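Colleague: Would you mind keeping the following structure in view while I ask a few things?
Residue numbers (the working numbering): -12 to 262.
This is how it looks when you write it as structure tokens:
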């Protein structure tokens, strides 16, 4: 902001320049800076190029949904859904899943131009293939069995390291003080989501429900087993590649939180009564 104000003929020392501001990426934003002599405000317009950015915020989603269904005929029901989708751009949204930044609208995206170099690519929640199947079979008026299968492809991996762009050495390879947070991997630029994919996840859930005739089928006991195959595939990994420049982190590419992995097998027993 100081450089833009100086270029416009202003004096940066005559106003209070905040250390952090809100702005709309890709748009020209106008700020009212408080004059240091208390006389009011000086208006300053900051364009995309003033911040050093070369692109605007992008988030695109396309999908194709297909399904086949057999309606319940007093004996069985079945449905299979398949979704092909693609989520891509340079901004995931209000959170940043690949870094675990869950504070709404407080991610590192757009904090500085260098952080957005090579930021375009497949976004963290992109799952290209999703297959879901559900079926239920009524053996008798008292017994019902069900099954749900969900198979989804992995999510994109990112690789974030120290800055290796223009004037990297002059900036000590960390121009904004964020450490291993730039889209450079082993010294080379790598786009967002360009470091491979996490494994596919396969969830099979089974259930059985008993509605005894002596209670007029209003009383129900259900047993559900979730993730029968106990698939513990990782679905979120650490994208931080370096602890210091050219020193690889020993947690890069690994799930570092409990929620980084598919939930383990568990059971649920319920009882209900329809009044």
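Quick reminder that beta carbons are idealized off the backbone N, C-alpha and C, glycines included. From a predicted model like this one, the values you see are computed outputs, not experimental measurements.
Just verifying my parser: in three-state terms, what is the DSSP assignment at residue 130?
Modeller: The answer is strand: DSSP assigns residue 130 an E or B state.
Colleague: What separation, rounded to the nearest whole angstrom, lies between the Cα atoms of residue -11 and residue 4?
Modeller: 8 Å
Colleague: Specify whether the segment 115 to 133 and the segment 78 to 86 touch according to this definition: at least 3 beta carbon pairs, one from each stretch, less than 8 Å apart.
Modeller: no
Colleague: Less than 8 Å between the beta carbons of residue 108 and residue 180, yes or no?
Modeller: yes
Colleague: Alpha helix (DSSP H) containing residue -8: first to last residue?
Modeller: -11 to -6
Colleague: Can you give the beta carbon distance from residue 51 to residue 22, rounded, assuming they're within the 8 Å contact cut?
Modeller: With a Cβ gap of about 56 Å, residue 51 and residue 22 do not count as contacting.
Colleague: Does the beta-carbon distance from residue 147 to residue 169 come in below 8 Å?
Modeller: yes
Colleague: Do residue 77 and residue 119 have their beta-carbon atoms positioned less than 8 Å apart in this structure?
Modeller: No.
Colleague: Hey, is the segment 94 to 111 in contact with the segment 176 to 193, meaning 3+ C-beta pairs nearer than 8 Å?
Modeller: yes
Colleague: Just curious, the alpha helix (DSSP H) that residue 95 is in, first and last residue?
Modeller: Run containing residue 95: none; DSSP gives neither H nor E here.
Colleague: Which complete beta strand (DSSP E) runs does the segment 23 to 64 hold, if anything under 3 residues is left out?
Modeller: 28 to 33, 46 to 57
Colleague: I need the boundaries of the beta strand (DSSP E) containing residue 86, first residue and last residue.
Modeller: Careful: residue 86 lies outside any beta strand (DSSP E) and carries neither H nor E.
Colleague: In this structure, does DSSP put residue 103 in helix, strand or coil?
Modeller: helix
Colleague: Pick from 224, 190, 125, 150: whose alpha carbon is nearest that of residue 238?
Modeller: 224
Colleague: Measuring alpha carbon to alpha carbon, tell me which residue in 204, 255, 210, 222 is nearest residue 262.
Modeller: 204
Colleague: Should residue 143 go down as buried or exposed, given a rule of 16 or more other Cβ atoms within 10 Å for buried?
Modeller: Its Cβ being crowded by 16 or more others within 10 Å, residue 143 is buried.
Colleague: Distance check for residue 49 and residue 123, CA to CA, integer angstroms please.
Modeller: Residue 123 and residue 49 have their C-alpha atoms spaced approximately 31 Å apart.
Colleague: Spatial neighbours of residue 171 within its chain, please: C-beta separation below 6 Å, excluding the five flanking residues on both sides.
Modeller: 148, 151
Colleague: Excluding the 5 residues preceding and the 5 following residue 68 in the sequence, name in chain order all residues of the same chain whose CB lies nearer than 6 Å to its CB.
Modeller: For residue 68, where only same-chain residues beyond five positions count, the Cβ hits under 6 Å are 54, 119.
Colleague: Which residue wins for smallest C-alpha separation from residue -7, given the options 25, 30, 26?
Modeller: Out of 25, 30, 26, 30 has the C-alpha closest to the C-alpha of residue -7.
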